[in-house]
Structure formats: structure tokens, C-alpha cells
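One structure is given below, encoded as C-alpha cells.
There are 2 protein chains.
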Amino acid sequence: MAARTDTAHATEAADAALTREVVDLIASIVSRYHEEYEAAAAQYGLTGAQARVLALLAREPLPMRRIAEQLKCEPSNVTGIVDRLEARGLVERRPDPADRRVKVAAATEAGAQTADRLRSGLTFAREPLAGLSAQERRALRDLLRRMLDMPAG
Amino acid sequence: MAARTDTAHATEAADAALTREVVDLIASIVSRYHEEYEAAAAQYGLTGAQARVLALLAREPLPMRRIAEQLKCEPSNVTGIVDRLEARGLVERRPDPADRRVKVAAATEAGAQTADRLRSGLTFAREPLAGLSAQERRALRDLLRRMLDMPAG
DNA sequence: TATTGTTATACTCTATAACTATA
DNA sequence: TATAGTTATAGAGTATAACAATA
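Sequence lines, in order, name chains B and X. In terms of UniProt numbering, the first sequence opens at residue 1 and continues consecutively. In terms of UniProt numbering, the second sequence opens at residue 1 and continues consecutively.
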């Protein structure tokens, strides 16, 4: 083993502490993000899963199987979630003319409106970001991209 | 309405796009974080909630009510989660000599070991961070702190 | 035969309310 | 009376397996 200086050891320890602090901060953000999302959904009488599906369908109609892929869950679960959204008039199932096995779920007018309002209500992440300068937001964007292994774009 | 330059409008639009991109990146991180956490828990036959409670108790023993506070759920839910952890020998309930109403849940030796291994397996957030220089990690830390409205510390 | 969506089943998490044993 | 924990209950999300309709 090569001998190393005390300084090298001290630097490693500081690095580890710094990394750990950033990891903890990210955990805090994850926690806050979820809390706010669930609370916003609850304001409209929706569960988190229902709100997520509604948000997906507000962007574009999707076959049941595609919803399951987006949610990373089994297709059988989607049946119940869409059932509940449909019972409240926020979503509807349409046949696919090209393949009669497929049912395409789509947000209704009311569903799209609810999705919009819900999205507008999600102030966390958007509000604190407003306090950062454009340069800081760019710096944050670039660092987050690198964390996600995304190209510099 | 005061007249404004095209440049001002263009800047606002770019700002909004930037903010939205950062928000989407954060959503991606939240999603990844959860996926990895659930997958790591599943490797040990634990649900996400069970893994979170075990992680809490590996740090320090806690009365049932304190666990509920940390999880932000009703105390009645904790009974079942701790029941399942206890049935697997990962956690045990101890009496509190100072107040005989209280039951203190604590990780067993096996539980602490599982919690350690689980924590070590959570590479997301830690691994990509290793690719950032100390200066970049400090920059990220400061930006995240500001997002969380935390003092510069 | 393979695929889409559903149903049936079982388990977990969740909140609410009622209960017990302490304080 | 108030508090800590539990039990009972009901609703929702989840995975697995089996099924009907369609490809």
C-alpha cells in the first residue's frame, strides 16, 4: 500500500460528507414533491395513482397497456384505476378501429380541466425555482441532466 | 398596459421553458429514486413502507407514534408494518420503563444488517454524484438548499 | 398461437372509529 | 380526562393467474 498524506484522507472524508449531504437533499426533495403531489390530488378527491393516470391522458389518449407501461405496473391494475376515473366522468374508454382488442382511454373535457388545475396547483419546484436567476437555473439543469446521465442537449 | 419589447417577451418565454425543464428533470429524479428504492427493498422481500420503517429503526429505536409521525401516516398503520417486520425477526417491540403505555420498536441485529445492505445497494444519486467534481457538488448542494428554503448553512 | 383487456384472488398500505391499558 | 397502541373495517394499489375476445 502506498503511503498517503493526511490531506488526502481529509479530502476524501469531506467529499464523502458532501456527497451524502447532496443525497440527503435529494431525498428531501423527493419527499416534498410526493407530499405536494398527493395533497394536490386529494384536493380534487383523487389518489396519487388516479392523478398520474389523468395527467397522462390529458396529454394524449392511451391504450390500457400503454398506461401500465408508463406507470410501471401490471395492466390488470390499470383497469380499476380507469374504472374509478370513468365513474367520475373524468376519463372515457374508446374502441380502437384498427384493433378491436384495444381500448383507448382518453380524458374527457372535465378530466382535462381537472388535470390542468391540478398541474397549476403544483407550486413546489416551480415556486422556489423562480427565486433562482436564469443562470442558476441553467446550472441546476445541467447538473441534474448529468445526474440522470442525459446528453448535454 | 405598458408596451414592452419583443425581447422582454422572448426572455420570459425562455425563462418559463427553462423552469419547466428543471421541474421535469426533478420529476424524473423523483421517479428514478422511487423505482430504485422499491427495487432494492424488493430484493430483501420488503415493501417500500417496510424498508422505510426498518431504515428509521436502524438509526434509533422509536415509539410507535414517532414512527407514524416520520411516515406521516396514522399510528394504526404502523401496527401492521411493524407486525410484519417483527414476524420476520427484523424488528422487536420493547416496553418503555418510563411509560408503560409506550412500545418502543427497535431493529434487531438481523434488521440492522438488512438495513445496512439495503442502504449500500442504493446507488442512484450516490453513483452519478461521484461523476461530479467537488465544486459541482457544492454548487448543486447550494442550489438544492435554496430550493428547499434552507439556510445557507 | 399470441395479444389486449378483464376478472378473481390475495396481500399491503391507508384512514377512520372504537377499544384497552395506562397516565 | 387524555394519551399510546391496538383492533375492526373499508377503500385503494399491487402482483399473479386464468379467462374472453380478437389478431
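Glycine is no exception: its CB is placed at the ideal position from the N, C-alpha and C atoms. Small disclaimer: the values here were computed from a predicted structure and weren't measured.
Beta-carbon spacing of B:Leu25, X:Arg141 below 8 Å
A contact, by the Cβ cut-off of 8 Å.
For X:Arg94, list the residues DSSP reports as bridge partners.
Bridge partners of X:Arg94: X:Val104.
Would you please state the rounded distance, in angstroms, between the beta carbons of X:Ala106 and X:Leu57? I believe it to be under 8 Å.
Contact annotation, X:Ala106 with X:Leu57: C-beta distance approximately 6 Å; criterion of less than 8 Å satisfied.
Limits of the unbroken alpha helix (DSSP H) element including X:Glu36
It spans Asp6 to Gln43 - the alpha helix (DSSP H) in which X:Glu36 sits, taken as one unbroken run.
Which value, in whole angstroms, describes the spacing of the CA atoms of X:Glu21 and B:Ala42?
Their Cα atoms are separated by approximately 25 Å.
Apply the 10 Å Cβ neighbour rule to B:Pro97 and answer buried if 16 or more other Cβ atoms are within range, or exposed otherwise.
So B:Pro97 ends up on the exposed side.
Can you have a look at B:Gly131 and say buried or exposed, based on whether 16 or more other CB atoms are within 10 angstroms of its CB?
Exposed, by the Cβ-count rule.
What does the alpha-carbon distance come out to for the pair B:Leu118 and B:Thr47?
Distance between the alpha carbons of B:Leu118 and B:Thr47 is about 12 Å.
Residue from B:Glu109, B:Gly89 and B:Lys103 with nearest C-alpha to B:Thr79
Per the Cα distances, B:Lys103.
Give me, in chain order, the residues of the same chain whose beta-carbon lies closer than 6 Å to that of X:Pro63; leave out the 5 immediate sequence neighbours on both sides.
Only Val102 and Val104 meet the Cβ criterion.
Please state whether DSSP places B:Pro75 in a helix, a strand or coil.
Helix, per DSSP.
Which class does X:Leu129 belong to by DSSP, given the choice of helix, strand or coil?
Note: X:Leu129 maps to helix in three-state DSSP.
Just to confirm my understanding: we take X:Leu129, look at its own chain, exclude 5 residues before and 5 after, and list those with CB closer than 7 Å. What are they?
For X:Leu129, where only same-chain residues beyond five positions count, the Cβ hits under 7 Å are Arg137.
Cβ atoms of X:Ile29 and B:Leu71: under 8 Å apart, would you say?
Cβ distance not < 8 Å, so B:Leu71 and X:Ile29 don't count as in contact.
If we call anything under 8 Å between Cβ atoms a contact, is B:Tyr44 one with B:Thr108?
No, the pair does not count as a contact, with Cβ atoms beyond the cut-off.
Backbone CA spacing between X:Val53 and X:Ser31 [nearest angstrom]:
Cα to Cα, the separation comes out at about 20 Å.
Whole-number beta carbon distance between X:Gln50 and X:Leu18, since they are thought to touch under 8 Å
No, X:Leu18 and X:Gln50 are not in contact; Cβ-Cβ is about 39 Å, not under 8 Å.
Take X:Ala110 as the anchor and find which of X:Leu90, X:Val82, X:Arg146 and X:Thr7 has the nearest alpha-carbon.
That would be X:Leu90, whose Cα lies nearest to the Cα of X:Ala110.
Here's the rule I'm using: 16 or more other beta-carbon atoms within 10 Å means buried, otherwise exposed. How should B:Ala13 be labelled?
Exposed: under 16 other Cβ atoms inside 10 Å.
8 Å Cβ cutoff, B:Val30 in contact with chain X
Chain X contact via Cβ: present.
Check the Cβ-Cβ distances between X:Asp116 and every residue of chain B, and say whether any is below 8 Å.
Not an interface residue.
Chain X residues whose Cβ lies nearer than 8 Å to that of B:Thr19:
In chain order: Arg126, Leu129, Ala130 and Arg137.
So, does the CB of X:Asp6 fall closer than 8 Å to a CB anywhere in chain B?
At a cut-off of 8 Å between beta carbons, X:Asp6 makes no contact with chain B.
Name the one or two DSSP bridge partners that B:Leu54 has.
Listed as beta-bridge partners of B:Leu54 by DSSP are no residues whatsoever.
Alpha carbon to alpha carbon, how far is B:Glu38 from B:Arg88? Give it in angstroms, no decimals.
Answer to the nearest angstrom: the Cα atoms are 19 Å apart.
Would you call X:Ala8 buried or exposed, if buried means 16 or more other Cβ atoms sit within 10 Å of its Cβ?
X:Ala8 comes out exposed.
If we ignore side chains and look at the alpha-carbon of each, how far apart do B:Cys73 and X:Glu36 end up?
In a straight line, the C-alpha of B:Cys73 is about 14 Å away from that of X:Glu36.
Please determine, among X:Ala55, X:Ala16, X:Ala134 and X:Glu92, the residue with the shortest C-alpha to C-alpha distance to X:Gly121.
Nearest C-alpha to X:Gly121 among X:Ala55, X:Ala16, X:Ala134 and X:Glu92: X:Ala55.
From the DSSP output, read off the bridge partner residues of X:Gln62.
Strictly speaking, residue 62 of chain X in this sequence is Leu, with Gln absent from that position. According to DSSP, which records beta bridges pairwise, X:Leu62 is partnered with X:Ala105.
Taking Cβ to Cβ, would you say B:Ala27 is nearer than 8 Å to X:Leu143?
For B:Ala27 and X:Leu143, no; Cβs fall outside 8 Å.
N- and C-terminal bounds of the alpha helix (DSSP H) containing X:Leu143:
Element bounds for X:Leu143: Ala134 to Met147.
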